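One line per chain: the protein sequences are A and B, in this order.
So the mapping is simple: the working numbering equals the position in the first sequence, first residue as 1, plus 256.
So the mapping is simple: the working numbering equals the position in the second sequence, first residue as 1, plus 306.
A virtual CB, placed ideally from N, CA and C, is assigned to each residue, including glycine.
Note that this is a predicted model, so its numbers are computed, not measured.
Below is one structure, written out as C-alpha cells; comments come after it.
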Amino acid sequence: MKYWKRFFFSPFDPLPLAMFRMSLGLLILGAYLCLAPNWHDYYSDTGIGGPYIDWWSIFYFTNGIIPLNLFWWMAVAASIGFTLGYQTRVCTIILYILEFSMIHSNRMIANGEDFTFRMLLFYSCFTDLGKALSLDAWIKAKKQSLIANDSSTWPMAWPIRLMQINFALIYVISLPNKLAYDPAWLNGDAVYLSIVSNLWGRWPWPSLFYGGGLSQILTYLTLLAEGTFPVLVWFDKTRMYVIALVASLHLGIAVMLQNATFFTLSMVATLWIFIPGTMLRGWMDKVFHQGFSKLTVEEIPGPEIPLQKNIQRGAKVKPGRKMKERRRH
Amino acid sequence: MFWTKIKLAAISAFIVLNLGTVLFMNRPMPVVQATDNFLSKLSPLTAYHFSYTGWLMAEYAHKCGLDNRWEMFVRQSRENWWFTIKAKTDVATIELPLPRQSPRTFWQRNFFDFREGKFHLNLYENSFLRQAYASYLGRKYSVPGQPPIRSIIFELHTQNLLSRADAAKYGRSTEPQSYTQILDEFPCSP
C-alpha cells in the first residue's frame, strides 16, 4: 500500500510533462495540417466512410448542424493552444474528443498515431500538462507572483503513471506476438522484409539489407529494445540507456519506413515523461542558462522518491505555502 | 481525512480499471480460447455473467479509447502488393486518379497521403470496406454529362519477395513476375 501510494499519489515534476506536451502538440498539429486536403473526404457522411458513422462521435451528433471544416479549425487551434500551454486542460479535452470522433467516424482510415494520440490524450485529460513552460503557468505566475518552480503546485502522478504503464504495455503486448506469429523476428528477416516492402519501406538503399548481418542485427536490437524497456525503464541506473535504445528504434523507423512517421514520433515524444525532472533541469540549465534547477536535487523527487517527505524537509517550498496563506488572507 | 481516503480509493479503482481494460483488450489468442473453453463448462447463467462483464469492459474500452490491440509490425508480408482501382463505364474502363496509383506531387507523397498505406492495408483485409469505398468512388467520380460509372473494379497485384540470400545473389528483392487478379467488382447505383 505504501509503495502504491508513493508510486501513484506523489507529485510529478511538471518539466518533463511540459516537454512531452510541446512535442505531442507539435505532432498533433502536424497531423491535422497534413489531413487538411482530405479532411472532408475522410470524415464527412458523404466521404469514404459513407453514412455509417458510429454514434460515439461528435461528428454524428453535429451532422448537418456544425460544418465539418469547423472541427478542423478547432483541432488546429486546440493543437496550438496545447503546444503553447494556453488553456491546456480545455485544449486537451477538445483534442481528445476530436481524436476519438475521428476514429469512430471512419475506422478504416485510422492510423497508428490516432490510437496513440487518443490513449495519451485520454490520460492527459486527468492532469494539467500546463504547469511548466506554458502560457498558463506564465500568466498564473504573473498574476499571483508565484515562483515558477513551486513544487507544492505539481500535479499528482497517477495519470502520468497510467500513461507510462500503458506505454510500456505496448511493448509487453507486442513482443510476444512478434515471437509467436512471425518467424522473421527470430531468424532476423523482419527488418529486411519491412525495408523492401512497397507499403512500408522508403529507405533508398535497400540492398544494404539483402545479405550480411545488418537486418539480423537491427531485428534483434528491436527485440532487445522492446524486451528490456518495460522492465529497465523503472530503475535509475538503466533508465536512460533503454530510453536511448527505444528512441533510436523509433527514430530509425521514422527515417526508414513510410506511413508510420507520426505514430513512431508520437512514441518518441512520450519518452519525455520517463526522463527524471532533475536530469532535464540540469540539461536545460546547460542549454539556456535559465536556472531551471532553482530547487535543489533533494527537493525534486525522481519517480521513485516520495515528495511529501521532501516537502517537509525542503526549505524552498516555503514560499509556496506562504503564497497560499497570503491568498487566503 | 475520510474524504481523502475515499478519493484515493476511487482513483485507485480507476487505475486498476484502466490497466485491466488495456490488458483485457490485448489478451493473447490462447488466453481467449482458454477463457471460451472455461466458460463452456460453466452453467449458462454463470457463463452469461462472465460474458456480460467482458462485454462491459469492451464497451468501456471502446467508449474511452483503450480498445486498440497493440501490434507493431507483428506480421511481415512476404509479398509486395498493390491495388489498381478502376471505374467501368459503358464506354471504357479507366484507372482512377487515386493515391498510390497515379502521379503525386512532393507534398502529396510526403505529407498528405500519410494515411493511404494503412487505408489500403485495411481495404486488403476487408471486402465490406472495399464495397463502402467503391460506393464513395462511384459518387465522387460520377460527372454530369459523362458516361455514368457502372462498377468499380479492385485489381490486386502481388509480387513475391525473395529471401535475403536470394536478394543478395540476384541484386533485387522481388521476383521478376507479378500476378494480377480481379478481387471485386462492385456495381454502382446510377
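Contact annotation, Trp-528 (chain A) with Pro-267 (chain A): C-beta distance approximately 17 Å; criterion of less than 8 Å not satisfied. For His-506 (chain A), the secondary structure class from DSSP, reduced to helix, strand or coil, is helix. Ala-331 (chain A) and Leu-354 (chain A) do touch by the CB rule: their CB atoms are close to 5 Å apart, below 8 Å.
A direct Cα-to-Cα measurement between Thr-383 (chain A) and Phe-420 (chain B) gives close to 31 Å. Of the residues assessed, His-545 (chain A) falls on the exposed side of the cut-off, its CB having fewer than 16 other CB atoms within 10 angstroms. One finds Gly-371, Leu-372, Asn-374 in chain B with Cβ atoms closer than 8 Å to the Cβ of Met-375 (chain A), taken in chain order. For Leu-477 (chain A), there is no enclosing beta strand (DSSP E); the residue is found in the alpha helix (DSSP H) stretching over 470–488. From the beta-carbon of Tyr-442 (chain B), the residues of chain A found nearer than 7 Å are Gly-303, Ile-304, Gly-306. The three-state reading of DSSP puts Met-364 (chain A) in helix, counting H, G and I together. Ala-364 (chain B) is bridged by DSSP to nothing; it lacks a bridge partner. Among the residues facing chain A, Trp-388 (chain B) is included, as its CB has a counterpart in that chain under 8 Å away.
For a cut-off of 8 Å, the C-beta gap from Ile-309 (chain A) to Phe-315 (chain A) is around 6 Å, short enough to register as a contact. A residue is called buried when at least 16 other Cβ atoms come within 10 angstroms of its Cβ; Lys-369 (chain B) does not meet this threshold and is exposed.
Burial is judged here by how many other beta carbons sit within 10 angstroms of a residue's own beta carbon; Gly-477 (chain B) has fewer than 16 and is exposed.
Interface criterion not met: the Cβ of Arg-410 (chain B) is under 8 Å from no Cβ in chain A.
The beta carbon of Tyr-427 (chain A) sits closer than 7 Å to the beta carbons of Glu-482, Phe-485, Pro-486 from its chain, once the five residues preceding and following it are set aside; these are given in chain order. Taking every protein chain shown into account, the CB of Arg-375 (chain B) has fewer than 16 other CB atoms within 10 angstroms, so this residue is exposed. When DSSP reads this structure, Gly-341 (chain A) sits in no beta bridge, so it has no partner. The DSSP-derived three-state label of Glu-401 (chain B) is strand.
For Tyr-485 (chain B), the pairing in a beta bridge is given by DSSP as B:Thr-464. Within the same chain, and ignoring the five residues on either side of Met-512 (chain A) in sequence, the residues whose Cβ sits closer than 8 Å to its Cβ are Ser-450, Ile-451, Gly-457, Arg-458, Trp-459.
At least 8 Å separates the beta-carbon of Pro-454 (chain B) from that of Val-397 (chain B). The Cβ of Asn-466 (chain B) sits no closer than 8 Å to any Cβ of chain A. Residues of chain B with a Cβ closer than 7 Å to the Cβ of Ile-429 (chain A) are, in chain order, Asn-332, Trp-376. CA-to-CA, the gap between Cys-347 (chain A) and Ala-525 (chain A) works out to about 18 Å.
The three-state secondary structure of Arg-478 (chain B), taken from DSSP, is coil.
In the structure shown, the three-state DSSP call for Ile-459 (chain B) is strand. With contact defined as three or more Cβ pairs closer than 8 Å, the segment 371–385 of chain B and the segment 430–444 of chain B are not in contact. Around the Cβ of Phe-308 (chain B), a 10 Å sphere holds fewer than 16 other Cβ atoms; the residue is exposed. A direct Cα-to-Cα measurement between Ala-474 (chain B) and Glu-385 (chain B) gives close to 17 Å. Note: Lys-392 (chain B) is bridge-paired with B:Glu-401, B:Ile-459 in the DSSP secondary-structure output. Below the 7 Å Cβ cutoff, chain A contributes Met-364, Ile-365 as neighbours of Phe-425 (chain B), in chain order. Scanning the segment 272–342 of chain A for uninterrupted alpha helix (DSSP H) segments of 4 residues or longer gives 295–299, 314–317, 324–340, listed from N- to C-terminal end. Contact annotation: Tyr-342 (chain A) and Leu-391 (chain A) have beta-carbon atoms nearer than 8 Å. Below the 9 Å Cβ cutoff, chain A contributes Ser-463, Tyr-466, Gly-467, Gly-468 as neighbours of Ala-474 (chain B), in chain order. Contact between the segment 492–502 of chain A and the segment 465–474 of chain A is not established, with fewer than three Cβ pairs separated by less than 8 Å.
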